[in-house]
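Those sequence lines, one after another, are chains A and B.
The first sequence maps to residues 0 to 229 in numbering that gives the first Met the number 0.
The second sequence maps to residues 0 to 99 in numbering that gives the first Met the number 0.
Glycine included, each C-beta is placed from N, C-alpha and C at the ideal position.
Keep in mind that this is a model prediction, so the values were computed, not measured.
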Amino acid sequence: MTDPKAPRGSPALLAIREGWPVLMTPFLIGVPFGVLALEAGLDPLQVSAMSFIVFAGSAQFASLELFRGGAGPLVVVATALLINLRHLLMAASLRPHFGERPLAQRLGLAYLLVDESFAMGTGWYRRGGRGVTYYVAFGLAMWALWNLGTVIGILAGPAMPDPRLLGLDFAITAAFIAIVVLAIRGRHEVAIALIAAGAAGLLRGAGLAVVAVVVAGALAPLVTRLWRRT
Amino acid sequence: MNEWLAIVGAGVATYLTRSLPLVVAFRPTERIRAYLEDLPISIIAALAGAGVLAPEQRVAFGPELIAAPLVVAVAWWRRNILLAVIVGVAVVGLARQVLP
């Protein structure tokens, strides 16, 4: 998978050297994921299988909240699908750089596509980088650290004190709040976030716990769009 | 069993979003592109809202509602997710000790 024009091995080293601050996050978030997933009622094998198979932080945390609320597989899958639909845009944007590779390789490259590998890969191509070594090296490191973090969380989980007493059950919710705050770039997104949050809370409070998040999350962007047009 | 179905299903769904544009042509209209870009924030905010407003499946004014504005403030000023989570957990833990 190395590009003949690039110096041998160097794009992979460069990916790690430039990417290490970003590479800390999958590990630092993977550990609490492992701890909280056990707390949500999954068994250790299921938790580590999820990080292996799904490999998508927000969707995995979201599923924990849904498992805790007693949601069935359909709701979990639908929520993961909606959260990850953004990958369509990222994959479409990387396509020109991956397009000429054999199908089997493209399918492998797709597995490593997360927000961070998209961002780092795009940066590499924008400054004239070629080939997929840089992207693959960074993506594999992300994947390895996410799974390593998860396993450490699973091992540390049983040693944690009663989560409710310390407020630890609020950690996922607080993380969601902080993620949204850091991601917001304009008033349009503030409106989306407030409507989605309010609607989801009310729907869940009204007894529609399992579909609250999917319905509120899918509709809020449409509501704000209609609003702006009137 | 249901958990395994959910995990494998979520994995397949996620993989499809990653791989489809690399296999078939995908040229979204501007409107669809804008919607897809808004979705992650919307859904993560919905998750946060459900956890804050109805932590026990019914709307309640509880420790979560006290902590949420503080988490927003810390995240906004310090731009640090971990610090915001620590503050949120501490406030909820403390409120549970203090409140009846």
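Helix, strand or coil: which one does DSSP assign to V23(B)? Note: V23(B) maps to coil in three-state DSSP.
Uninterrupted alpha helix (DSSP H) stretches inside the region 112-199 of chain A (no shorter than 4 residues): 114-125, 132-155, 162-165, 170-182
Comparing C-alpha positions only, which one of V46(A), A217(A), V180(A), G185(A) sits nearest to A198(A)? A217(A)
Contact set between the region 169-185 of chain A and chain B, restricted to residues whose Cβ is under 8 Å from the partner: F169, A170, I171, T172, A173, A174, F175, I176, A177, I178, V179, V180, L181, A182, I183
Distance, Cα to Cα, T90(B) vs L165(A)? Here residue 90(B) turns out to be Val, not Thr, going by the sequence shown. Between V90(B) and L165(A), the C-alpha separation is close to 9 Å.
Using a Cβ distance threshold of 8 Å, determine whether the region 73-82 of chain B contacts the region 7-21 of chain B, with at least three qualifying pairs required. no
Presumed contact (8 Å Cβ cut-off) between L63(A) and T78(A), rounded CB distance: Not confirmed; about 11 Å, so no contact.
Apply the 10 Å Cβ neighbour rule to N1(B) and answer buried if 16 or more other Cβ atoms are within range, or exposed otherwise. exposed
Report yes or no: do three or more beta-carbon pairs, one from the region 149-158 of chain A and one from the region 45-54 of chain B, lie closer than 8 Å? no
Against chain A, with Cβ distances strictly below 8 Å, would I65(B) count as a contact? Chain A, which has no Cβ nearer than 8 Å to the Cβ of I65(B), makes this no.
Indicate whether at least one CB of chain B lies closer than 8 Å to the CB of G200(A). yes
At the 8 Å Cβ level, is V71(B) part of the contact set with chain A, yes or no? yes
CB-CB length for F32(A) against F51(A), believed under 8 Å: That pair is no contact at about 12 Å.
Proximity to Q104(A) [Cα-Cα], best of I15(A), L80(A), G122(A), G130(A): G130(A)
Quick check: is the beta carbon of G122(A) nearer than 8 Å to any beta carbon in chain B? Taking CB atoms only, G122(A) has no neighbour in chain B less than 8 Å away.
Where the alpha helix (DSSP H) through G33(A) begins and ends: 9-38
Separation of A158(A) from V180(A), as counted between CA atoms: 31 Å
Would you kindly work out how many angstroms separate the C-alpha atoms of I80(B) and T172(A), rounded to a whole number? 12 Å
Taking buried to mean at least 16 other C-beta atoms within 10 Å of its own C-beta, is F60(B) buried or exposed? Under this definition F60(B) is an exposed residue.
Give a yes or no on whether the minimum CB-CB distance between E2(B) and chain A is below 8 Å. yes
Given this structure, state the Cα-to-Cα distance separating I178(A) from W226(A), to the nearest angstrom. Between the alpha carbons of I178(A) and W226(A) lies a distance of about 25 Å.
Let me see if you follow: with CB-CB separation under 8 Å, is L98(B) close to chain A or not? no
Throw me the rounded Cβ distance for the A11(A) and A136(A) pair, which I believe falls under 8 Å. 4 Å
With DSSP run on the structure shown, which of helix, strand or coil describes D42(A)? D42(A): coil per DSSP, three-state reduction.
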